[in-house]
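Each residue of the sequence shown is one higher than the last, beginning at -5 in my numbering. As structure tokens, the structure follows; a few thoughts come after it.
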Amino acid sequence: MLSENEKRIQELSKQLGKCLYEQAQIKDFKGLGEIEETVRDLILKYVSPEIGFFLSRQAQEKKQVVSEK
-5 MLSENEKRIQ
5 ELSKQLGKCL
15 YEQAQIKDFK
25 GLGEIEETVR
35 DLILKYVSPE
45 IGFFLSRQAQ
55 EKKQVVSEK
């Protein structure tokens, strides 16, 4: 059974997939390799940087809270 967080991740992943598909330059994928390459490129371009920035901010906030104690 999935936790609420895992269910949320699945739902957000579906929404993200739809957005990335709309962003993709290719509308007629010719094979699994092309899909995989497109997904990888789009994730690296749009998703990974945002997650990295978010995690970096979280780490900085956590350090501030600890140092204030």
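All C-beta atoms, glycine included, are put in the ideal place defined by N, C-alpha and C. Every value quoted in this text rests on a predicted model; they were computed, and no experiment measured them.
Segment limits, alpha helix (DSSP H) that includes Ala18: Note, Ala18: premise wrong, no alpha helix (DSSP H); not H, not E.
Ordered along the chain, which non-local residues of its own chain (more than five positions away) have a Cβ less than 7 Å from that of Ile29? Phe23
Looking at Lys14: is its Cβ nearer than 8 Å to the Cβ of Leu38? In the sequence as displayed, the identity of residue 14 is Leu instead of Lys. No Cβ-Cβ contact shorter than 8 Å links Leu14 with Leu38.
Check whether the Cβ atoms of Thr32 and Ala53 sit closer than 8 Å, and answer yes or no. no
Considering only the alpha carbon of each residue, which of Glu5, Leu10, Glu(-2) and Glu0 lies closest to Val41? Leu10
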